[in-house]
Ligand code: RIB
């Protein structure tokens, strides 16, 4: 089995649900409030841990507000936390998440110690990082650190997967360091400056991103499924029917499922099918990491799963 690592954020999610998003100046009552572990990076790592991947997390926590507890949660979920540092007297990353009745969410982020993950941190753990075969990146730590490690891993011939979330305007040559870039619809439009309102526009935007130099684009089309776009192929893989409650971290779980399947020697198309199952199942309870499935749950689900026909 290939070894995987995630460089990225660890957040404490203050997760709430409401009937609707308030208007400017309006005060509304929450229907629920919970504190969950989250952060796009750690969500990917925990999803991989639950799938029984050989997974190591790279990032920083503060010692305030559930930071130390998060260390245990990583471990309990099968994630190697030996490179995760706890910074004294600091808050970890904190996210304020609201989900409305339509199962859409809005997220505000306080970066906290995620923004202390610098290139010196990468150098400190390079010996361990360089033993990994696949690395996952997102944009909730400093971009300078992401690019620094992407260059090193790309040069070492490793598989580099970039989830360009939340959107950041980066130099085009960043994409050339990546084997796979996995935007959702919004990020695809933001990266390319192109509309994605219909099928043709979506494909045109994904092809424009591919031209920036990455190996392949895995374009996540929300509830519908995902596309694989390479120089030779454009293929759509539909999602599965699930009873969605909270979409938070569906994209993170998708990326984890994709990396896991690649680490097992699956093709990109097979990996997207598996990722669709992991992403879909992760939406079936409130909270980012709550409903992330185990390998057995994914395998059982795939035996009877029905294709979603929302396309
Ligand atoms: O992708 C979902 C994640 O985004 C949440 O867990 C939150 O922490 C933010 O990083």
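Residue numbers (our numbering): 481 to 791.
For each residue, glycine too, the CB sits at the ideal point set by N, CA and C.
Nearest-angstrom Cβ-Cβ length linking residue i and residue j, presumed shorter than 8 Å
i, j, result
"residue 699", "residue 663", "6 Å"
"residue 527", "residue 762", "7 Å"
"residue 449", "residue 538", "The shown model of the chain, from 481 to 791, leaves out residue 449, and the question about it has no answer."
"residue 788", "residue 718", "6 Å"
"residue 669", "residue 685", "6 Å"
"residue 631", "residue 648", "Not really, about 17 Å apart at Cβ, beyond 8 Å."
"residue 764", "residue 725", "6 Å"
"residue 560", "residue 535", "7 Å"
Any non-hydrogen atom of the ligand RIB closer than 7 Å to residue i Cβ
i, result
"residue 431", "It is not possible to answer for residue 431, since the shown part of the chain is limited to 481 through 791."
"residue 520", "yes"
"residue 771", "no"
"residue 724", "no"
"residue 728", "yes"
"residue 768", "yes"
"residue 512", "no"
"residue 592", "no"
"residue 575", "yes"
"residue 523", "yes"
"residue 678", "no"
"residue 620", "yes"
"residue 693", "no"
"residue 626", "no"
"residue 752", "no"
"residue 553", "no"
"residue 484", "no"
"residue 589", "yes"
"residue 491", "yes"
"residue 529", "no"
"residue 760", "no"
"residue 731", "yes"
Inter-residue spacing [alpha-carbon to alpha-carbon] between residue i and residue j
i, j, result
"residue 739", "residue 636", "18 Å"
"residue 488", "residue 745", "24 Å"
"residue 515", "residue 575", "10 Å"
"residue 481", "residue 706", "25 Å"
"residue 666", "residue 524", "20 Å"
"residue 633", "residue 509", "47 Å"
"residue 494", "residue 691", "38 Å"
"residue 546", "residue 581", "28 Å"
"residue 747", "residue 683", "21 Å"
"residue 785", "residue 759", "13 Å"
"residue 710", "residue 504", "43 Å"
"residue 770", "residue 491", "14 Å"
"residue 569", "residue 704", "44 Å"
"residue 485", "residue 609", "7 Å"
"residue 754", "residue 654", "27 Å"
"residue 498", "residue 772", "23 Å"
"residue 756", "residue 730", "9 Å"
"residue 768", "residue 552", "17 Å"
"residue 661", "residue 544", "34 Å"
"residue 507", "residue 500", "11 Å"
"residue 511", "residue 579", "10 Å"
"residue 775", "residue 681", "35 Å"
"residue 736", "residue 522", "10 Å"
"residue 626", "residue 517", "22 Å"
"residue 752", "residue 781", "15 Å"
"residue 646", "residue 554", "23 Å"
"residue 624", "residue 567", "20 Å"
"residue 677", "residue 701", "11 Å"
"residue 550", "residue 732", "18 Å"
"residue 679", "residue 723", "25 Å"
"residue 502", "residue 483", "44 Å"
"residue 583", "residue 519", "19 Å"
"residue 542", "residue 598", "15 Å"
Below-8 Å beta-carbon distance, residue i vs any chain B residue
i, result
"residue 644", "Here there is only one protein chain, and chain B is not present."
Residue i beta carbon near the ligand FMN (any heavy atom closer than 7 Å)
i, result
"residue 547", "Looking for the ligand FMN in the displayed structure turns up nothing; the ligands present are the ligand RIB."
(message) Count Cβ pairs between the region 581-592 and the region 602-612 that sit closer than 8 Å; are there 3 or more?
(response) no
(message) Any contact between the region 640-651 and the region 607-617? By contact I mean 3 or more CB pairs, one from each, below 8 Å.
(response) yes
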